[in-house]
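Residue numbers for the sequence shown follow the numbering used here, so the first one is 11 and each next one is one higher.
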Amino acid sequence: MEMVLLPEIFIEQMRLGQEVRGTFALQVKKLLPLRSGTGHYLAVVLGDSTGQIEGRVWENPDEIYANCKVGDVVILQGQVTEYNGKLQIQIATLTVCPEGDTDPRRFIPSSKMDLATAQAKLAAVLDSLQNLHLKNLLSLIVSDEAFFYAFITAPAAKRNHHATIGGLLEHSLGMAGAAEQMAIVYPSLDRDLLITGALLHDLGKVEEYSFHTGISFTDEGHLLGHIVLGAQLLDKYINQLTDFPEILRLKLLHMIVSHHGQYEWQSPKRPKFLEAAILHHLDMMDTAVDMFKTAVKSRENPEDSWTGWVRGLDRYIFCK
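Spelled out as structure tokens, the structure:
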């Protein structure tokens, strides 16, 4: 059967009866028996940066099942149908896309923060620092092109908050902005230390996560976690600087290893000086802001006064 070449489409754009062509992440595949008891059909779940949709393959399901795996990027054509009140794709063709031919931004949402604006904000923060040791440390990290690119594109989490391409930079800048305001309200705070801690507290997430068709943990992320990885990275950069004060090194390392706040939240240490304690609360606050905003924006019906159950917050959210 010859298929008509259609423009690429995202899941959120699909409408009942529409002929579709698109590139999607294969998130689930199951070979299931037909009701007749003879033969199988292939049930799949497909995803992109706008959502998920189920699909069904009725022709050559065994062959297609054998030629693809979960995590693959697949190119398909089919028609949008409806089953049990939900849209579904009846898939006519499905092939695996060659590796390297896809952009993760098709499958993972990107931060709404404009990258150029974010980098300008970061440069302004660095310029505002009076502590030359901290300014030199941050300048060294920013000048490491490969690492800095990873930092500005990495997600801040696998799910729940800032789980987007660029989410780590958005989260870090949000905390740095809040840290600056806290220093105005409480002038006794070490402003530069708090801001630097805000920018570096999740440094290890650059090595904790990988992202292609979705966000996943690296081996280092599974085995060590971003707190240990962040402390190692920080020490690596500090060791490249001459005459970096030892007490300042210890304070920054402590801010990384204590920013989760409580032992039951996988924090190796609880905060033991004021800036570290405030950093923990800023982390909780910025996380909560993003989770509440995301829950409200992503509810199925924008006219609803309440969201559905939000697992990360363990509650319904009021939207009016």
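For every residue, glycine included, the Cβ atom is placed at its ideal position computed from N, Cα and C.
Straight-line spacing of the CA atoms in C107 and S226 works out to 20 Å.
Judged by their CB atoms, T174 and S120 are nearer to each other than the 7 Å cut-off.
Under the criterion of beta carbons closer than 8 Å, G88 and V30 qualify as touching, at roughly 6 Å.
Under the 10 Å beta carbon count, M295 is surrounded by fewer than 16 other beta carbons and is classified as exposed. Per DSSP, D58 is one residue of the beta strand (DSSP E) stretching across H50 to D58. Look at L44 here: in three-state DSSP terms it is coil, with no helix or strand label. A residue is called buried when at least 16 other Cβ atoms come within 10 angstroms of its Cβ; Q98 meets this threshold and is buried.
Contact between V267 and I237 holds: their C-beta atoms lie close to 6 Å from each other, under 8 Å. Put simply, the backbone Cα of R325 is about 43 Å away from that of S153. From the listed residues V80, T33, S182 and M265, the smallest Cα separation to F161 is found for S182.
As for any beta strand (DSSP E) of minimum length 3 sitting wholly inside the stretch 235-318, there is none. Considering only T105, Y93 and I63, the residue with the shortest C-alpha distance to C78 is T105. Between L251 and the set L147, L258, H290 and P197, the nearest pair of CA atoms involves L147.
Exclusion of the five residues before and after T228 leaves E217, E218, Y219 and S220 as the residues of its chain whose Cβ lies within less than 7 Å of its Cβ. Across the set P165, A166 and L26, the C-alpha of L26 shows the shortest separation from the C-alpha of G95. In this structure, DSSP gives Y219 an extended state, which the three-state scheme calls strand. It is roughly 13 Å from the alpha-carbon of Q276 to the alpha-carbon of L233.
Within the same chain, Cβ atoms closer than 8 Å to the Cβ of M192 are found at L199, L204, I288 and L292, the five residues on either side in sequence being excluded.
Cβ neighbours of H171 within its own chain (closer than 6 Å, five residues either side excluded): T297, D300 and M301. With distances taken between CA atoms, A188 lies nearest to T206 out of T206, G177 and G61. Going by DSSP, G88 is part of the beta strand (DSSP E) stretching over V83 to Y93. Boundaries around L209 are those of the alpha helix (DSSP H), R201 to L210, since no beta strand (DSSP E) includes it. Proximity to D72 across G240, L44 and R321 peaks at L44, based on C-alpha coordinates. Residue range L142 to S153 is occupied by the alpha helix (DSSP H) that includes L147.
Here L178 is not near A186, since their CB atoms are 7 Å or more apart.
Judged by their CB atoms, L213 and G240 are nearer to each other than the 7 Å cut-off. In the displayed model, G32 falls within a strand according to three-state DSSP.
Non-local beta-carbon contacts of L284 in its own chain, meaning distances under 7 Å to residues more than five positions away in sequence, involve L199 in chain order.
Boundaries of the beta strand (DSSP E) around V106: K96 to V106.
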